[in-house]
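What follows is a short report on a single structure.
Chains as they are written, first to last, in my numbering: chain A, 10 to 196; chain B, 10 to 196.
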């Protein structure tokens, strides 16, 4: 199945910085390295999808990409295996104090979450509300129900607090989502 | 865990073309789209990992990457979910009639296959032997046993024929690996 406009270029959103100076992506990567080193799970961030237009092959040195564009991602950014199960998630930072706009998640990514859910994946969204300095795990099923109900164009913060699960932090696991995954999905 | 030299640039190997004019990657992508559309599995190729050095942000148009380099991949190229299970594989084309050199698979990728195997993944390698116009599925466990035994620097073709499982082709599924996965891994 080919998504319409799947090769459409888009302007990559600038990363927002959390109060702690580390991005959510950095914190998840550090946590993932901890999980891997301690044989708890294997989860990697996928590379940023780009369309390569021009490559130079200079003699005796590495190939250099001289023209490329960011592509709209067709899947989420993270997936892997935990306790023998397939896990899949997207991570987003949000600066608003009132809500998380659906426009921040690409329709292809929502589609992907639905796809993997149908196949039995453990799927969720990690949402960093930077104004509150809090990270929430939101089950993909809950997110999709609310999204598809069509009543709103964003997740209200009250909903996030009610439905989301607060993710703990520690120095070695600055976004310790696995601890909460085990509980939330009853593994 | 940080792998040594994980940011080392390298020259991306040119794609070899099979006798049929379509690359193995193309054939797997077509098969994956079929699997997705028919709700059989969700498997995607990961984007090519690159290190972005310079990006131009022209006004009113898409961001343009003007300097980037290919990175050594730290995982395999494909993963996803099939029958509720995590599956993970690497795909390689080989022109030799006699053997498949281990130098064609990066040590990080072998390490990754070991990582996911330990966590219960269905993991394998798809090997297209272009001179014979045949695709084989090789269980990651078999591959690793032979690789780690240290007796050879390549997989001899006789070993591939003995241990590998021939993958069928059809117009809609030009590399129908799922059919064989089900059998081989007894799902």
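All residues carry an ideal CB built from backbone N, CA and C; glycine is no exception. Predicted model only: the values in this text are computed from it and were never measured.
| Asked | Found |
| --- | --- |
| Reduced DSSP secondary structure (H/G/I, E/B, other) of residue 109 of chain B | strand |
| Short Cβ contact (8 angstroms threshold) for residue 97 of chain A with residue 125 of chain A | yes |
| Chain A contact for residue 107 of chain B (CB, 8 angstroms cutoff) | no |
| Any chain A beta carbon closer than 8 angstroms to residue 78 of chain B | yes |
| Any chain A beta carbon closer than 8 angstroms to residue 114 of chain B | no |
| Contact set for residue 95 of chain A: own chain, Cβ-Cβ below 6 angstroms, skip 5 residues either direction | 130 |
| Local conformation of residue 129 of chain B per DSSP, three classes | coil |
| Whole-angstrom distance between residue 174 of chain B and residue 102 of chain A, CA atom to CA atom | 45 angstroms |
| At least three beta-carbon pairs within less than 8 angstroms, the region 67 to 74 of chain B to the region 104 to 115 of chain A | no |
| Integer-rounded CB distance, given that residue 193 of chain B should sit under 8 angstroms from residue 122 of chain B | 15 angstroms between Cβ atoms; not a contact. |
| Interface flag, residue 183 of chain A vs chain B, CB-CB below 8 angstroms | no |
| Rounded separation between residue 93 of chain B and residue 127 of chain A - CA only | 9 angstroms |
| Where residue 35 of chain A falls: helix, strand or coil (DSSP) | helix |
| Start-to-end residues for the alpha helix (DSSP H) that takes in residue 190 of chain B | 186 to 193 |
| Bridge partner(s) assigned by DSSP for residue 86 of chain B | Its beta-bridge partners do not exist; DSSP assigns none. |
| Limits of the unbroken beta strand (DSSP E) element including residue 80 of chain B | Careful: residue 80 of chain B lies outside any beta strand (DSSP E) and carries neither H nor E. |
| Contact with chain B by residue 83 of chain A, beta-carbon distance below 8 angstroms | yes |
| Identity of the residues DSSP links to residue 50 of chain A by a beta bridge | A:91 |
| Helix, strand or coil at residue 136 of chain A [DSSP, three-state] | strand |
| Bridge partners - residue 99 of chain A, DSSP secondary structure assignment | A:134 |
| Proximity winner among A:33, A:82, A:90, A:39, relative to residue 114 of chain A (alpha-carbon distances) | A:82 |
| Integer Cβ distance of residue 75 of chain A from residue 76 of chain B, believed to fall under 8 angstroms | 7 angstroms |
| Unbroken beta strand (DSSP E) run spanning residue 163 of chain A, endpoints | 163 to 165 |
| Start-to-end residues for the alpha helix (DSSP H) that takes in residue 153 of chain A | 149 to 158 |
| Chain-ordered chain A contacts of residue 120 of chain B [CB-CB under 7 angstroms] | None at all; the shortest Cβ gap to chain A is about 10 angstroms. |
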